[in-house]
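Student: Residue numbers (this note's numbering): 178 to 600.
Heads up, the beta-carbon is just placed ideally off N, CA and C, and yes, glycines get one too.
Just so we're clear, the structure is a prediction, and the values are computed from it rather than from any experiment.
Below you will find the structure I want to go over with you.
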Amino acid sequence: MTTLAQTGSPVESRSWHAIAAASIGNALEWFDFVVYGFFAVTIAKLFFPAADETVSLLVALATFGVTFFMRPLGAIVLGSFSDRHGRKSALALAIVLMAFGTGIIAVAPTYSAVGLLAPALIVAARLLQGFSAGGEFGIATAFLAEQHPDRRGFFASWQFASQGLTTVLATAFGATLAATLSAEQMDVWGWRVPFIFGLLIAPVAYYLRHHVDETVEFRSTLVRAAPLREALATGKERMLIATGIIVLCTVSMYTILFMPTYAVRQLGLPSSGSFLAALLTGSIQMVCIPIVGALSDRYGRLPITCASAAAMLLAIYPMFVWLAAVPILQTLLIFQMIIGLLAAGYMGALPALMSELFPTYMRTIGMSIGYSFSVAIFGGFAPAINAWLIEATGSNLAPAFYLMLAAIISLLALSNVRRFGIR
Numbered sequence: 178m179t180t181l182a183q184t185g186s187p188v189e190s191r192s193w194h195a196i197a198a199a200s201i202g203n204a205l206e207w208f209d210f211v212v213y214g215f216f217a218v219t220i221a222k223l224f225f226p227a228a229d230e231t232v233s234l235l236v237a238l239a240t241f242g243v244t245f246f247m248r249p250l251g252a253i254v255l256g257s258f259s260d261r262h263g264r265k266s267a268l269a270l271a272i273v274l275m276a277f278g279t280g281i282i283a284v285a286p287t288y289s290a291v292g293l294l295a296p297a298l299i300v301a302a303r304l305l306q307g308f309s310a311g312g313e314f315g316i317a318t319a320f321l322a323e324q325h326p327d328r329r330g331f332f333a334s335w336q337f338a339s340q341g342l343t344t345v346l347a348t349a350f351g352a353t354l355a356a357t358l359s360a361e362q363m364d365v366w367g368w369r370v371p372f373i374f375g376l377l378i379a380p381v382a383y384y385l386r387h388h389v390d391e392t393v394e395f396r397s398t399l400v401r402a403a404p405l406r407e408a409l410a411t412g413k414e415r416m417l418i419a420t421g422i423i424v425l426c427t428v429s430m431y432t433i434l435f436m437p438t439y440a441v442r443q444l445g446l447p448s449s450g451s452f453l454a455a456l457l458t459g460s461i462q463m464v465c466i467p468i469v470g471a472l473s474d475r476y477g478r479l480p481i482t483c484a485s486a487a488a489m490l491l492a493i494y495p496m497f498v499w500l501a502a503v504p505i506l507q508t509l510l511i512f513q514m515i516i517g518l519l520a521a522g523y524m525g526a527l528p529a530l531m532s533e534l535f536p537t538y539m540r541t542i543g544m545s546i547g548y549s550f551s552v553a554i555f556g557g558f559a560p561a562i563n564a565w566l567i568e569a570t571g572s573n574l575a576p577a578f579y580l581m582l583a584a585i586i587s588l589l590a591l592s593n594v595r596r597f598g599i600r
């Protein structure tokens with residue numbers, strides 16, 4: 178019997194090619210989202226100027242969030258396309274759409290040059306990216322999960338591990354630019370560099386995705402003419418559970434994304450240090466998530482995800498109290514390390530767990546809808562909600578309560594997973 182353990186075997190080569198294709202494309206998909214969040218303060222000044230800096234930032238963060246309303250539409254269209262025409266074609270289409278959105282942001286003129294056309298272009302680009310990202314999660318996760326059924330946890334975990342790579346790339350750009358460029362250079366051209374990088378990498382991602390093999394699991398499945406109708410008719414409870422278990426994942430990810438802004442505005446730390454902290458979190462996730470995914474193949478999905486969610490619920494408030502009381506770079510680094518480990522523990526088994534919730538013929542549409550609605554409702558506006566909560570309460574601890582709420586919701590959803598035969 179041929180297995181992945183046979184080094185150099187054709188099966189192993191194809192599997193790692195599949196991981197590379199899905200990961201680099203997925204990392205690029207999320208790279209632009211992360212970069213936008215990290216450079217929110219600069220983008221707010223250039224494209225959404227207002228007399229009050231807080232109002233300007235809130236508008237920029239809301240624009241970050243409003244694109245998530247496009248995700249459900251992208252989930253429906255691209256998810257249905259994937260379940261009808263295959264994972265390979267859908268992966269290639271998603272990266273093309275994302276590249277167009279990135280290109281618009283990379284060259285968009287600022288408000289001082291063209292007035293209201295500038296924020297309109299940014300919003301249009303973000304909507305296109307939101308549409309693409311709405312289908313990306315389900316497509317990439319289904320593609321990875323179907324590579325090797327016995328190692329579904331390990332392969333599917335690269336969905337989130339590649340997002341850790343995204344954080345590493347984006348924060349490396351942020352830290353380097355903040356350390357080497359003046360504030361004026363950053364405002365004039367520096368903030369565009371990461372978006373141009375993303376645009377240049379897009380052809381490589383497309384090439385890799387265009388040349389992968391379709392999954393055997395999909396090829397052996399009877400394709401339905403209307404995957405969306407099938408999912409709504411027989412998979413509503415599954416999609417509701419999928420929505421719930423993603424809540425903690427998306428809120429923790431976008432809270433991590435918010436932390437550089439939090440560190441600068443609430444803690445008074447230099448931006449270069451705050452980017453370093455986020456870089457640490459991304460590195461931890463990139464390394465640890467595949468390990469957790471592999472452990473879930475041996476010990477089960479539920480014990481790992483439930484334990485991680487419970488740990489997040491209990492630890493997050495004391496961590497924020499400590500960070501607010503000792504607002505120095507060393508504290509921030511330890512804070513980011515701990516939250517990165519807890520998030521990695523939760524997300525490592527999550528993609529495989531979600532893929533096992535749905536039969537193959539509705540796997541992409543089911544996961545995409547569950548994920549996109551959860552992100553649209555809870556995650557996309559997390560940076561704006563956190564900023565608003567801090568302003569409304571006057572407390573730097575406010576983000577902790579939002580994370581705790583997310584952990585409770587996801588734990589309730591996980592309590593209903595076992596009925597579908599997931600251990």
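Roughly how many angstroms lie between the CA atoms of residue 526 and residue 294, to the nearest whole one?
Tutor: Counting from 1 along the sequence shown, the entry for residue 526 is found at position 349. Counting from 1 along the sequence shown, the entry for residue 294 is found at position 117. Rounded to the nearest angstrom, the two C-alpha atoms are 43 Å apart.
Student: Tell me, to the nearest whole angstrom, how far the beta carbon of residue 372 is from that of residue 283; I am working on the premise that it is less than 8 Å.
Tutor: Within the sequence shown, residue 372 is the residue found at index 195, counting from 1. Within the sequence shown, residue 283 is the residue found at index 106, counting from 1. 4 Å between Cβ atoms; contact.
Student: How would you call residue 464, buried or exposed, if buried means at least 16 neighbouring beta carbons within 10 angstroms?
Tutor: To locate residue 464, count along the sequence shown from 1; it is residue 287. Flag for residue 464 reads exposed.
Student: Hey, could you find the ends of the alpha helix (DSSP H) residue 477 is sitting in?
Tutor: Here residue 477 refers to the residue found at position 300 when the sequence shown is read from its first residue. Per DSSP, residue 477 belongs to no alpha helix (DSSP H) and is neither H nor E.
Student: Please identify the residue among 534, 550, 470, 502 whose C-alpha is closest to the C-alpha of residue 523.
Tutor: Position 346 of the sequence shown, counted from the first residue, corresponds to residue 523. The shortest C-alpha separation from residue 523 is found at 470.
Student: Applying the 10 Å Cβ sphere with the 16-neighbour rule, what's the burial state of residue 476?
Tutor: One-based indexing of the sequence shown puts residue 476 at position 299. Looking at its Cβ environment, which holds fewer than 16 other Cβ atoms inside 10 Å, residue 476 is exposed.
Student: With residue 339 and residue 200 assumed to form a contact (beta carbons below 8 Å), what rounded beta-carbon distance in angstroms separates them?
Tutor: Taking the first residue of the sequence shown as 1, we reach residue 339 at position 162. Taking the first residue of the sequence shown as 1, we reach residue 200 at position 23. Confirmed, about 4 Å.
Student: Using the Cα positions of residue 442 and residue 413, report the straight-line distance between them to the nearest angstrom.
Tutor: The residue you call residue 442 lines up with position 265 of the sequence shown. The residue you call residue 413 lines up with position 236 of the sequence shown. Cα to Cα, the separation comes out at about 42 Å.
Student: Give me the Cβ distance between residue 429 and residue 580, rounded to the nearest whole Å; I'm assuming they're in contact under 8 Å.
Tutor: The residue given as residue 429 occupies position 252 in the sequence shown. The residue given as residue 580 occupies position 403 in the sequence shown. Confirmed, about 6 Å.
Student: Sorted by chain position, which residues of the same chain lie with C-beta nearer than 8 Å to residue 364's C-beta, five sequence neighbours on each side aside?
Tutor: Along the sequence shown, one-based indexing puts residue 364 at 187. Same-chain partners within the cutoff: 219, 222, 223.
Student: Quick check: the Cα distance between residue 384 and residue 378, rounded to an integer number of angstroms?
Tutor: Counting from 1 along the sequence shown, the entry for residue 384 is found at position 207. Counting from 1 along the sequence shown, the entry for residue 378 is found at position 201. Roughly 10 Å between the two C-alpha positions.
Student: Residue 310 and residue 407 - do their beta-carbons sit closer together than 9 Å?
Tutor: Mapped onto the sequence shown, residue 407 falls at position 230. Mapped onto the sequence shown, residue 310 falls at position 133. Result no, Cβ atoms of residue 407 and residue 310 do not sit closer than 9 Å.
Student: Quick check: what's the CA-CA separation for residue 362 versus residue 350?
Tutor: As a working note, residue 362 is residue 185 in the sequence shown. As a working note, residue 350 is residue 173 in the sequence shown. Answer to the nearest angstrom: the Cα atoms are 14 Å apart.
Student: Could you pull the start and end residues of the alpha helix (DSSP H) that residue 407 belongs to?
Tutor: Here residue 407 refers to the residue found at position 230 of the sequence shown. Start and end: 404–411.
Student: Please classify residue 332 as buried or exposed, where buried requires at least 16 neighbouring CB atoms within 10 angstroms.
Tutor: On the sequence shown, residue 332 is found 155 positions in, with the first residue counted as 1. Residue 332 should be labelled buried.
Student: Which runs of the alpha helix (DSSP H) fall wholly inside the segment 483–570 and span at least 4 residues, in chain order?
Tutor: Listed in chain order, they are 506–534, 540–551, 559–570.
Student: Does the segment 478–491 come into contact with the segment 540–553, if we say contact requires no fewer than three beta-carbon pairs (one atom in each stretch) closer than 8 Å?
Tutor: Result no; under three Cβ-Cβ pairs closer than 8 Å.
Student: What separation, rounded to the nearest whole angstrom, lies between the Cα atoms of residue 505 and residue 582?
Tutor: Position 328 of the sequence shown, counted from the first residue, corresponds to residue 505. Position 405 of the sequence shown, counted from the first residue, corresponds to residue 582. Approximately 27 Å between the Cα atoms of the pair.
Student: Grouping DSSP H, G and I as helix and E and B as strand, with all else coil, what is residue 348?
Tutor: Mapped onto the sequence shown, residue 348 falls at position 171. Helix.
Student: For residue 392, I'd like the list of residues in its chain whose CB is within less than 7 Å of its CB, leaving aside the five on either flank, ordered along the chain.
Tutor: Within the sequence shown, residue 392 is the residue found at index 215, counting from 1. Once the five neighbours on either side are set aside, the close Cβ partners of residue 392 are 264, 320, 323, 324.
Student: Just the C-alpha distance for residue 233 and residue 403, rounded to the nearest angstrom, thanks.
Tutor: Position 56 of the sequence shown, counted from the first residue, corresponds to residue 233. Position 226 of the sequence shown, counted from the first residue, corresponds to residue 403. Each residue's alpha carbon lies about 44 Å from the other.
Student: Express the C-alpha separation of residue 492 and residue 578 in angstroms, rounding to a whole number.
Tutor: As a first step, residue 578 is located in the sequence shown; it is residue number 401 there, counting from the start. As a first step, residue 492 is located in the sequence shown; it is residue number 315 there, counting from the start. C-alpha separation (whole angstroms): 11 Å.
Student: Around the C-beta of residue 400, are 16 or more other C-beta atoms found within 10 angstroms, so that it is buried, or is it exposed?
Tutor: For this step, residue 400 is matched to residue 223 along the sequence shown. Exposed: under 16 other Cβ atoms inside 10 Å.
Student: Would you kindly work out how many angstroms separate the C-alpha atoms of residue 236 and residue 225, rounded to a whole number?
Tutor: One-based indexing of the sequence shown puts residue 236 at position 59. One-based indexing of the sequence shown puts residue 225 at position 48. Roughly 7 Å separates the two Cα atoms.
Student: For the segment 303–360, which segments carrying the alpha helix (DSSP H) assignment without a break, of at least 4 residues, lie completely within its bounds, in sequence order?
Tutor: Listed in chain order, the complete alpha helix (DSSP H) runs (minimum 4 residues) inside the segment 303–360 are 329–357.
Student: Can you give me the C-alpha to C-alpha distance between residue 272 and residue 202, rounded to a whole angstrom?
Tutor: As a first step, residue 272 must be located in the sequence shown, where it is residue number 95. As a first step, residue 202 must be located in the sequence shown, where it is residue number 25. Approximately 6 Å, taken between the alpha carbons.
Student: Check for me: the alpha helix (DSSP H) holding residue 244 runs from which residue to which?
Tutor: Translated into positions along the sequence shown, residue 244 becomes position 67. It is not in any alpha helix (DSSP H) - residue 244 carries neither H nor E in the DSSP assignment.
Student: Pop quiz: residue 553 and residue 563 are said to be a contact at Cβ under 8 Å. What is the actual Cβ separation, rounded to whole angstroms?
Tutor: The residue given as residue 553 occupies position 376 in the sequence shown. The residue given as residue 563 occupies position 386 in the sequence shown. Incorrect: roughly 17 Å between the Cβ atoms, too far for contact.
Student: In chain order, what residues of the same chain lie with their CB nearer than 8 Å to the CB of residue 245, ignoring the 5 residues before and after it?
Tutor: Sequence index remark: in the sequence shown, residue 245 carries index 68 (1-based). The residues are 307, 549, 552, 553, 556, 557, 558.
Student: Helix or strand or just coil, what does DSSP make of residue 203?
Tutor: As a working mapping, residue 203 is identified with position 26 in the sequence shown. Residue 203 falls in the helix class under three-state DSSP.
Student: Cutting at 7 Å between CB atoms, please list the residues of its own chain near residue 369, excluding the five before and the five after it.
Tutor: Start at 1 with the first residue of the sequence shown, and residue 369 comes out as number 192. So the qualifying residues of the chain are 283.
Student: Could you check whether residue 278 and residue 248 sit closer than 9 Å to each other, using their CB atoms as the reference points?
Tutor: As a first step, residue 248 must be located in the sequence shown, where it is residue number 71. As a first step, residue 278 must be located in the sequence shown, where it is residue number 101. No, these two residues do not count as a Cβ contact at 9 Å.
Student: So, at 8 Å on beta carbons, what are the nonlocal neighbours of residue 515 in its own chain, with the 5 sequence-adjacent residues on each side left out?
Tutor: What you label residue 515 is simply residue 338 of the sequence shown in a count that begins at 1. Cβ within range, chain order: 492, 496.
Student: Relative to the alpha-carbon of residue 423, which residue among 287, 570, 534 has its alpha-carbon at the smallest distance?
Tutor: If you number the sequence shown from 1, residue 423 lands on position 246. Selected option, being the one with the closest Cα: 534.
Student: Per DSSP, what kind of secondary structure is residue 470 in: helix, strand or coil?
Tutor: The residue labelled residue 470 in the question sits at position 293 within the sequence shown. Helix.
Student: Which residue's Cα is closest to the Cα of residue 478: 592, 409, 432, 517?
Tutor: In the sequence shown, counting from the first residue as 1, residue 478 sits at position 301. Of the listed residues, the one whose Cα sits closest to residue 478 is 592.
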